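Residue numbers (the numbering used here), protein chains in the order written: chain R, 101 to 412; chain F, 9 to 666. Below you'll find the structure, written out as structure tokens, and then a few comments.
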């Protein structure tokens with residue numbers, strides 16, 4: 101029984117939705133709508149304001165401001181509050197209509213934040229009531245994945261080894277110098293101009309590391325998080341196979357050698373299927389809503405007026 | 009399957025045996041974490057590290073699906089919360105008259121894991137009241153919900169304060185809650201979908217989500233709240249809220265019946281697994297750890313075993329204060345004076361009236377000790393809690409723990425729906441902390457298993473790295489080892505945080521502890537460390553909890569902070585390490601040990617705000633609210649942020665219990 105009622109309501113609302121679009125489209129004279137935007141606002145902000153104005157006006161044209169219980173309740177309470185009267189919810193029903201009419205006469209249905217938001221939400225809800233969340237088919241999903249490849253990009257990763265010189269043990273200046281010296285010595289050894297024995301001194305090879313380096317590929321962001329801002333970025337910039345540094349971390353200075361660099365790449369769709377499906381659905385819903393709002397918009401004669409400055 | 013059957017049989021056998029020989033129960037097998045299965049295995053992540061990595065997260069996050077957040081203007085969704093946790097910007101209230109968010113926040117460092125934990129009690133009512141045509145839409149209660157947010161907030165939340173034997177569903181839902189069940193399932197299903205969408209199942213393992221919710225019981229306004237954490241997405245099709253299950257025993261029973269003991273529907277679905285994490289015992293007025301069952305009956309083996317099994321962790325720090333220890337109490341020390349609320353229940357901040365000063369029995373040290381006494385009595389320790397922290401954000405700002413530009417968390421704090429007051433939250437509240445898990449990789453099975461075995465710790469916000477091991481071997485030279493060798497030695501020669509020591513092999517246990525300061529970010533450098541304590545607790549012959557705080561290592565030079573300018577002087581250490589042997593060890597006495605690391609002092613969020621406002625506190629009554637709260641003495645102007653490890657327990661005798 102309940103399901104039939106719900107279906108009936110669903111159909112009724114879908115018809116209501118259709119009626120919004122239809123009546124807006126067929127109105128002989130388009131109602132005019134003035135939308136105030138901030139002079140220094142972005143185009144996205146402007147679009148948002150126009151959109152909200154269109155939805156609000158549509159709600160008002162269909163009398164929702166007089167029929168919706170949230171709006172009339174809110175407006176009635178505002179009037180009572182302004183008069184300093186008792187705002188008991190129980191006293192409301194009988195006087196609600198009259199009080200709300202008073203508020204509407206003052207234009208409060210447009211200016212009250214809660215009423216506005218409610219009316220906008222009601223129209224959005226009605227527009228999308230019959231929208232069904234589908235699953236994309238394989239072609240659609242694959243196309244979407246390709247189109248949004250940067251969003252799913254795996255960042256660059258590096259694998260490295262390092263020696264560490266602690267600020268706490270040596271002082272910053274000495275730590276930096278020791279790291280720099282080791283970089284010079286290790287590079288010299290690699291190019292044959294220096295002897296291994298010369299760098300085989302445990303003092304010169306640094307202090308016990310404070311963070312485990314598994315010598316697995318990691319992103320610069322991960323290194324920044326674990327060892328301090330900039331460390332990961334510096335390591336990622338090193339040339340492969342050469343000793344590099346001294347690179348500063350939050351804890352001291354490092355002599356670093358990048359062993360391998362894995363360039364940024366895209367994961368396979370199979371690996372992140374559920375995430376991509378979810379994103380596809382959200383995008384579909386937003387696109388559909390935007391189309392339906394646009395249909396409403398075409399029913400208005402819109403004038404944009406710029407307000408100077410930012411008065412949010 | 010067979011293992012679970014075996015465990016259930018063992019449990020039944022154990023319970024049956026209570027009637028027999030003695031009262032003690034061999035619970036070890038019963039409490040073992042479930043084995044990973046093929047589709048749930050550990051080892052698929054690139055970052056797999058057998059010595060474990062510390063992963064930072066937040067398991068206590070509210071979105072628009074929580075009634076209180078919703079009525080305060082939170083529009084952020086579950087997906088917004090997960091995106092924010094991953095480092096994306098998010099708009100928050102207040103919204104301007106055009107509906108555009110007037111504030112935007114963003115984490116400088118993404119979290120490794122997060123769980124959205126909305127209040128299950130009102131999923132159904134909220135969903136129904138917002139859906140024209142639903143069974144409850146036209147009800148009086150829904151009208152109030154839509155028309156009068158302030159009244160609805162108080163009225164509906166009061167339902168959560170009904171005593172457990174008088175609990176009832178919101179009127180509109182009908183006597184058995186049936187009318188709200190459909191909308192509740194829709195919200196729950198969306199919560200699950202969102203968690204699934206954001207869980208990184210590639211070998212990158214960049215982010216893990218958990219499906220969960222909050223059970224929000226606070227009978228007589230005494231907080232018994234628990235977060236329910238599921239291991240994977242095979243979960244019951246409705247969350248069990250305070251209305252369905254008013255007693256924690258009932259909650260655990262329902263979770264056992266509908267999750268732990270339920271076979272998965274097919275071979276491709278991992279078995280359901282779940283644990284609960286209580287929080288804000290500081291506001292439970294003595295009830296969170298009272299030593300009796302909900303119906304007033306005395307404790308028994310079944311109850312203590314169930315509690316031990318279902319609740320391995322406690323959230324000891326979050327927005328609404330700290331629950332570690334009480335300064336001035338027998339088990340307290342000076343440094344316990346950190347984010348201690350001046351009351352013992354939720355009435356004061358919410359209703360503007362209150363009663364009750366903090367109760368020592370609500371704090372971790374007391375509770376852990378009483379757990380030892382109960383273990384002596386029953387053979388099982390129902391209060392064997394590991395430690396985590398979280399935020400309890402009601403604006404979906406998972407992990408937003410910064411003391412700079414704190415936007416206010418909402419919930420029991422300030423809603424900020426119509427504007428941001430000069431002080432954006434109740435001044436005694438704080439931005440919250442983080443849960444940290446030592447796990448082999450950033451995946452659900454690895455993190456969940458670690459929570460079960462309590463290899464976790466909490467911080468009051470900063471990303472301090474903390475290792476803590478205990479054993480019987482000599483640990484000389486441990487602090488000269490590098491990070492990997494230190495951890496290897498710790499695991500090889502003893503147990504990590506969360507573990508239990510038995511069978512003494514030396515005159516006393518030796519612990520190794522190592523802490524690394526928060527490395528900081530480009531915007532905000534981390535703070536140097538000041539010292540490490542090890543806290544030892546036990547019960548005396550009268551069963552009275554005792555504790556001693558040992559200073560084990562401190563920075564050579566201590567830093568200070570200027571309360572007016574918030575500038576910090578040089579001092580403190582990048583890292584601290586110590587090897588410590590218990591000088592007061594008694595092999596006959598049960599005990600627990602945990603490590604606490606303190607940072608050098610810094611300004612509290614409220615100090616920064618109040619410095620900017622510079623009110624004249626010589627006449628507080630002349631000031632407006634909330635600026636007047638700057639003059640209160642209920643909050644500390646400077647704080648030492650910190651981390652607390654899970655304990656390591658010592659149990660006399662060679663075998664577990666029996």
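Using N, Cα and C, we set each Cβ at its ideal position, and we do this for glycine too. Computed from a predicted structure; not experimentally measured.
Just the C-alpha distance for residue i and residue j, rounded to the nearest angstrom, thanks.
i	j	result
residue 549 (chain F)	residue 436 (chain F)	37 Å
residue 397 (chain R)	residue 153 (chain R)	9 Å
residue 585 (chain F)	residue 521 (chain F)	6 Å
residue 167 (chain F)	residue 406 (chain F)	27 Å
residue 223 (chain F)	residue 258 (chain F)	12 Å
residue 683 (chain F)	residue 276 (chain F)	Residue 683 (chain F) is absent from the structure shown; chain F starts at 9 and stops at 666.
residue 242 (chain R)	residue 373 (chain R)	10 Å
residue 271 (chain R)	residue 650 (chain F)	25 Å
residue 281 (chain F)	residue 242 (chain F)	8 Å
residue 75 (chain F)	residue 420 (chain F)	12 Å
residue 494 (chain F)	residue 272 (chain F)	41 Å
residue 162 (chain F)	residue 175 (chain F)	16 Å
residue 38 (chain F)	residue 178 (chain F)	With a pLDDT of 30 at residue 38 (chain F), under the threshold of 50, the predicted position of this residue should be treated as unreliable, though the coordinate-derived value follows. Those two C-alpha atoms are separated by around 38 Å.
residue 344 (chain F)	residue 417 (chain F)	23 Å
As a quick exercise: from the options, pick the residue whose alpha carbon is nearest that of residue i.
i	options	result
residue 304 (chain F)	F:352, F:225 and F:173	F:173
residue 542 (chain F)	F:592, F:576, F:582 and F:532	F:592
residue 384 (chain R)	R:162, R:228 and R:407	R:228
residue 351 (chain R)	R:357, R:209, R:210 and R:266	R:266
residue 405 (chain R)	R:129, R:170, R:146 and R:130	R:146
residue 540 (chain F)	F:524, F:547 and F:546	F:524
residue 661 (chain F)	F:628, F:640, F:573 and F:513	F:513
residue 346 (chain F)	F:386, F:652 and F:659	F:652
residue 333 (chain R)	R:322, R:236 and R:177	R:322
residue 509 (chain F)	F:238, F:263, F:630 and F:601	F:601
residue 290 (chain F)	F:328, F:152 and F:150	F:328
residue 246 (chain F)	F:297, F:498 and F:190	F:190
Can you name, in chain order, every residue of its own chain whose Cβ lies under 6 Å from the Cβ of residue i, other than the five neighbours on each side?
i	result
residue 580 (chain F)	536, 537, 538, 563, 567 and 608
residue 174 (chain R)	214 and 215
residue 589 (chain F)	516 and 518
residue 319 (chain F)	284
residue 73 (chain F)	126 and 195
residue 610 (chain F)	535 and 569
Could you name the residues of the same chain whose beta carbon sits closer than 8 Å to that of residue i, not counting the 5 residues immediately before and after it, in chain order?
i	result
residue 326 (chain F)	68, 287, 288, 397, 398, 399, 400, 440 and 441
residue 257 (chain R)	317, 318, 319, 361 and 362
residue 71 (chain F)	77, 82, 84, 85, 86, 88, 89, 124, 126 and 404
Let me confirm a value: residue i is counted as buried when at least 16 other C-beta atoms fall within 10 Å, else exposed. Which label applies?
i	result
residue 181 (chain R)	exposed
residue 262 (chain R)	buried
residue 635 (chain F)	buried
residue 346 (chain R)	buried
residue 407 (chain R)	exposed
residue 604 (chain F)	buried
residue 197 (chain R)	exposed
residue 278 (chain F)	buried
residue 233 (chain R)	exposed
residue 335 (chain F)	exposed
residue 340 (chain R)	exposed
residue 134 (chain R)	exposed
residue 207 (chain R)	exposed
Output needed for residue i: all residues of its chain with C-beta closer than 7 Å, excluding positions within five of it in sequence on either side, in chain order.
i	result
residue 409 (chain F)	399, 439, 440, 441, 442 and 469
residue 326 (chain R)	311
residue 294 (chain R)	285 and 288
Find the residues of chain C that neighbour residue i, judging by a C-beta separation of less than 9 Å, and give them in chain order.
i	result
residue 607 (chain F)	Judged by its chain identifiers, the structure shown contains no chain C, and its protein chains are R and F.
* To do: Give the residues from the region 311 to 331 of chain R that approach chain F closer than 9 Å (Cβ to any Cβ), ordered along the chain.
  => 311, 312, 313, 314, 316, 317, 318, 319, 321, 322, 324, 325, 326, 327, 328, 329, 330 and 331
* Give, in chain order, every residue of the region 254 to 275 of chain R whose Cβ lies closer than 8 Å to some Cβ of chain F. => 254, 266, 267 and 268
* Below 8 Å between beta carbons is the criterion; list the residues of the region 347 to 369 of chain R that meet it against any residue of chain F, in chain order. => 349, 350, 351, 352 and 367
* Give the residues from the region 134 to 158 of chain R that approach chain F closer than 8 Å (Cβ to any Cβ), ordered along the chain. => 145, 148, 149 and 152
* To do: Please list the residues of the region 487 to 515 of chain F that have a C-beta atom closer than 9 Å to any C-beta atom in chain R, keeping them in chain order.
  => 487, 488, 489, 490, 491, 492, 493, 494 and 495
* Asked: Quick one, which residues of the region 233 to 250 of chain R are near chain F if we go by CB-CB under 9 Å, in chain order?
  -> none
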